[in-house]
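Novice: One structure coming up, written as structure tokens, with questions to follow.
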Amino acid sequence: MKKLLRLEFIKYSRSTIFYIFIGLFMALVVLSEIGSLYLANKFGVKLGFSTLWPSLINTAGQMNIFIGIIIMVSITSEYQYRTIRQHVIDGLDKSDLFIAKYIYGICLSLFAVVFVAISVIIAGYITGASTTGSGPWDGSQLLGSYFVQVLGYVSMAIFFAFLLRTTAVGIIVYLFYMPLESLLGSLISYISHNDTTIPQYFPKAIFSNIIQNPGVIKLANAAKAAAPAKTINILSEQNTLIIGFVYIILFAAGSYWLLKKRDL
Amino acid sequence: MSEIILSAEGLLKRFGSLIAVNNLSFQIEKGSVFGLLGPNGSGKSTTLGMLLSVLNPDGGTFKWFGENGGSDQRKKIGTMLEGPNFYSYLSAYNNLRINATIKEVPNSEIERVLKKVGLWERRNSRYRTFSTGMKQRLGIANALLGNPQLLILDEPTNGLDPQGIAEVRDLIKEEAENGQTILLASHLLDEVEKVCTHLAVLQKGNMLFLGETEVFTKGKKRIEISAQDIPSLMAELKNYSQIEKITQKENILFLQVQPEFETQELNKFLFQKGIILSHLAIEKHALETQFLELTSKS
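Just so you know, the sequences run in chain order A and B.
When the letters of the first sequence are read in order and numbered with the working numbering, they come out as residues -7 to 256.
When the letters of the second sequence are read in order and numbered with the working numbering, they come out as residues 183 to 480.
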């Protein structure tokens, strides 16, 4: 395990592309958080830490796709340079390659969690959230769910990377999958007379709903109250989290199967 | 009996309907230089790919060092398969650090192998700044890392200029002289003939020959001779017992001779008959002659 971690460190601690994407992720998280705080301020909403955590984690969650792209590029470039093949020739097992990429993915997910945590704490102190009476860690338990969410996007990216094996195609498919799933969800919902039950079980929908937007929940509840005849079922956070885990396991199993089954 | 480094039994690989490697069996003994010879697309790299676990065989078994081929066995093998594979943005040193980490050998080994291939001065240069020859040499350095028990080189002189080819060939010879077991896959007959003790000839995935290089080329020696008086020379040669066939091209006679034929004996014989040779040469490409004959038959 330590050896695999050291290998990934040698490779990516000197990769310019890695630093570009990490920089982009950090910049976009900070910018999106600033945007959220600006809007809250504009509408005169005073956010305490207990509301700041879910709001900003939800906002930062929109940038998880960049973490997915980092891991995807790391895998597809191994195919491009044929280094994945060389590693097996030199003495790694295919299972080592798979574990190494998951270790890397978990490290990236942890980095995202730590970075978002630091940014929320800083944002809280700058905007005076500490003066609302809530402690800085009130609401921070969502960081665990956020970790699962990032890992979900990472697992999906790992699966697409092992499936498609080329960087450009991988990124395009990964990026297009997101709106495509929403489109398919809308279509199914339309066909089934506005029943949103099935689309909410789709992987991207599950991962993005792990951290549920407080505003969206309010809107859904209001819609349900206004039109009780319509089927508006919202999965609980706990169930979403469990299904998220199931998807992570499925993507990991699929990735491993692809790697093991195919020639390098 | 000498130690068996590799034994492969009935290896089979299909790509769709194409049979790339068909029921291949062979062994490599310790200390031998084994040549895997065949034209492009004959199945050499596919065979090596299966033996090194990057391709899944459709049939057959193989053993490295008497054990089923796993990652522990591959760590004892140094390989350059289908060219060098490195990270373009990493330096030569860091690229080798990756393999040193995989093989669990100390980083001091990197200095030894980089010095051996003449790249120590360029250890901090990024791989992408290297010329084709330097990339190839780095690939060989990577293969030499950790003093492997077997060195596998697949087309090691591909893309090199004549000087580069000579350098790589000298390096292989040096390793072979030091008792290193080598598996060399190549379509360059001259390269194989110069260094290999044993040979497997492949064509379209089938094994056409397996055995010692000497046996393969035996009986295929050809001699070129010339003298001022060609008709007299031709007349005397017809009385020489070890010559099987004589062909003439302009002023040169080509002799197909028996395996026990010695050039100095012929020279002495002709001198005694009053014929002084103006040209005497042993054809260098006995392997080529035999290889072309074998592959055209199949």
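In this text, a Cβ means the ideal position worked out from N, Cα and C, and glycines have one as well.
#1: For A:F13 and A:I67, which I take to be in contact (beta-carbon distance under 8 Å), what is that distance rounded to the nearest angstrom?
#2: Would you tell me roughly how many angstroms separate the C-alpha atoms of B:K499 and A:F103, rounded to the nearest one?
#3: Kindly list the residues whose CB is nearer than 7 Å to the CB of B:K455, restricted to its own chain and excluding five residues on each side of it in sequence; keep chain order.
#4: Can we say the region 187 to 195 of chain A touches the region 96 to 116 of chain A, given the rule of at least three CB pairs closer than 8 Å?
#5: State the DSSP-derived secondary structure class of B:N340, mapped to helix, strand or coil.
#6: Taking 7 Å as the cut-off, decide whether the C-beta atoms of B:I280 and A:I2 are in contact.
#7: Excluding the 5 residues flanking B:F451 on each side, which residues of the same chain have their C-beta closer than 7 Å to its C-beta?
#8: Using 8 Å as the threshold, is the region 214 to 230 of chain B in touch with the region 244 to 260 of chain B, meaning 3 or more CB pairs across them?
#9: Residues in the same chain with beta-carbon distance under 6 Å from B:D240, minus the five sequence neighbours each way, listed in chain order, please.
#10: Quick one: measure Cβ to Cβ for A:Y4 and B:S270, integer angstroms, because I've assumed they're closer than 8 Å.
#11: Just checking, does the region 53 to 63 of chain A make contact with the region 14 to 26 of chain A on the three C-beta pairs under 8 Å criterion?
#12: Could you tell me whether any Cβ in chain B is nearer than 7 Å to the Cβ of A:V65?
#13: What in chain B is Cβ-close to A:D187, meaning under 9 Å?
#14: What are the uninterrupted segments assigned as beta strand (DSSP E) that are 3 or more residues long and contained completely in the region 375 to 411 of chain B, given in chain order?
#15: Which term fits A:G120, buried or exposed, when burial requires 16 or more other beta carbons within 10 angstroms of its beta carbon?
#16: May I ask you to list the residues that DSSP assigns as paired with B:L332?
#17: May I ask you to report which of helix, strand or coil DSSP gives A:H79?
#18: Using beta-carbon positions only, say whether B:T399 and B:L469 come within less than 7 Å of one another.
#19: Classify B:L230: buried if its beta carbon has 16 or more other beta carbons within 10 angstroms, exposed otherwise.
#20: Could you check if B:K317 is buried or exposed, using at least 16 other CB atoms within 10 Å of its CB as the buried criterion?
#21: Taking DSSP's pairing of strands, which residues face B:K455 in a bridge?
#22: For the pair the region 18 to 35 of chain A and the region 161 to 179 of chain A, tell me if three or more CB-CB distances fall below 8 Å.
#23: Which residue's Cα is closest to the Cα of A:P46: A:Y71, A:F90, A:Y138 and A:Y117?
#24: Mind checking which residues open and close the alpha helix (DSSP H) that includes A:N50?
#25: Would you call the CB atoms of B:L435 and B:I425 closer than 7 Å?
#26: From the DSSP secondary-structure annotation, give me the bridge partner or partners of B:I201.
#27: Output yes or no for whether 7 Å exceeds the beta carbon distance between B:K226 and B:S189.
#28: Does DSSP put A:F35 in a helix, in a strand, or in coil?
#29: Rank A:F194, A:I164 and A:W129 by C-alpha distance to the C-alpha of A:S178 and give the top, closest one.
#30: I need the straight-line Cα distance from B:N433 to B:D411, nearest angstrom please.
#31: Leaving aside the five residues before and after B:F443 along the sequence, list all residues of the same chain whose C-beta is less than 6 Å from its C-beta, in chain order.
#32: Say whether chain B places a C-beta atom closer than 7 Å to the C-beta of A:Y73.
#33: What is the DSSP secondary structure of A:T8, counted as helix, strand or coil?
#34: Going by C-alpha distance, which of A:K93, A:L23, A:I9 and A:Y239 is nearest A:L(-1)?
#35: Which value, in whole angstroms, describes the spacing of the CA atoms of B:T363 and B:Q331?
#36: Report back the beta-carbon spacing between B:L384 and B:S224 to the nearest angstrom; my notes put them in contact at under 8 Å.
Specialist: From the atom records:
#1: The Cβ separation is near 14 Å, so there is no contact.
#2: Since the first residue of chain B shown is 183 and the last is 480, residue 499 of chain B is not available in this structure.
#3: E418
#4: Note that the region 187 to 195 of chain A does not touch the region 96 to 116 of chain A; fewer than 3 beta-carbon pairs, one per stretch, sit closer than 8 Å.
#5: coil
#6: Closer than 7 Å, so yes.
#7: Counting only Cβ-Cβ distances below 7 Å, and skipping sequence neighbours, we find Y422.
#8: no
#9: L194, K195 and R196
#10: The pair is not a contact, with the Cβ atoms about 14 Å apart (cut-off 8 Å).
#11: yes
#12: no
#13: Those within 9 Å of A:D187 in chain B number zero; the least Cβ separation is about 44 Å.
#14: You should have 380 to 385, 388 to 394 and 404 to 409.
#15: exposed
#16: B:I259 and B:T363
#17: Shown here, A:H79 sits in a helix according to DSSP, grouped into three states.
#18: Yes. Within cutoff.
#19: buried
#20: buried
#21: Per DSSP, none; premise fails for B:K455.
#22: no
#23: Cα-wise, what sits closest to A:P46 is A:Y138.
#24: F41 to G53
#25: For B:L435 and B:I425, no; Cβs fall outside 7 Å.
#26: In the DSSP secondary-structure assignment, B:I201 is bridged to B:R196.
#27: No. Outside cutoff.
#28: coil
#29: A:F194
#30: 9 Å
#31: Taken in chain order, the residues that qualify are Q424.
#32: yes
#33: helix
#34: A:K93
#35: 7 Å
#36: 4 Å
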